[in-house]
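The opening residue of the sequence shown carries number 42 in the working numbering; numbering runs sequentially from there.
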Amino acid sequence: MTHFRIERVNKELLRELSELLQFEIKDENAKRAILVEVDCSKDLGHAKIYYTTISRENREAVQKSLEKASGLLRGAIGRQMRLRKVPELHFIPDYVEEEARKIEAVLDSLKKDGENSQKGEDDELR
């Protein structure tokens, strides 16, 4: 399957799944998931759906709810999208934003340390 078609399917799956989670799924834990990216395999047999949550505390409950709702979501996708084969949905937590915050905090502390040491050197020169 061409790369272009897979990208289109990824975008459409992301849009459809986001709408389904927002409007069709009743489970509040599943609604807490913020879908970030969809990555389908070349044969469209599997789709990795990366998600994040606002708070870290309820990540396990969200994961369980998404896994429980995957059959319902897959069925709805099959009815709404024209695909020969509806991919099996695999929900994966996305930690990129969390890691970016950690890196930013480290960089900020290094910047502050650099400014403090520069200020100390300036005071010594006077």
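No residue lacks a Cβ here, since even glycine has one placed at the ideal position from N, Cα and C. Remember, it's a predicted structure, so these values are computed and weren't measured experimentally.
Residue i versus residue j - alpha carbon distance
i                 : j                : result
lysine 89         : aspartate 154    : 41 angstroms
lysine 83         : glutamate 156    : 50 angstroms
aspartate 135     : lysine 143       : 14 angstroms
valine 79         : serine 150       : 34 angstroms
glutamate 139     : tyrosine 91      : 14 angstroms
phenylalanine 132 : glycine 112      : 12 angstroms
glutamate 53      : lysine 152       : 42 angstroms
glutamate 101     : phenylalanine 45 : 34 angstroms
arginine 97       : glycine 86       : 30 angstroms
isoleucine 75     : serine 158       : 42 angstroms
threonine 93      : isoleucine 47    : 23 angstroms
glycine 116       : alanine 110      : 10 angstroms
Proximity below 9 angstroms, CB of residue i to CB of residue j
i              : j              : result
leucine 58     : leucine 130    : yes
isoleucine 66  : leucine 124    : no
valine 77      : methionine 122 : no
isoleucine 118 : leucine 61     : yes
Classification of residue i by the beta-carbon crowding that lies within 10 angstroms, buried from 16 upward
i           : result
leucine 148 : exposed
valine 127  : buried
serine 106  : buried
alanine 146 : exposed
valine 103  : buried
alanine 141 : exposed
Beta-carbon proximity list for residue i, same chain, < 7 angstroms, skipping 5 on both sides
i             : result
asparagine 99 : Asn70 and Arg73
Beta-carbon contacts of residue i that lie in its chain and below 8 angstroms, excluding the five residues immediately before and after
i             : result
glutamate 108 : Phe132
Other residues of its chain near residue i: CB distance less than 6 angstroms, five sequence neighbours each side excluded
i           : result
cysteine 81 : Ile47, Val50, Asn51, Ala88 and Pro128
Minimum length 4: unbroken alpha helix (DSSP H) runs contained in the segment 60 to 135: Restricting attention to alpha helix (DSSP H) runs no shorter than 4 residues, the segment 60 to 135 encloses them at 69 to 72 and 100 to 121, ordered along the chain.
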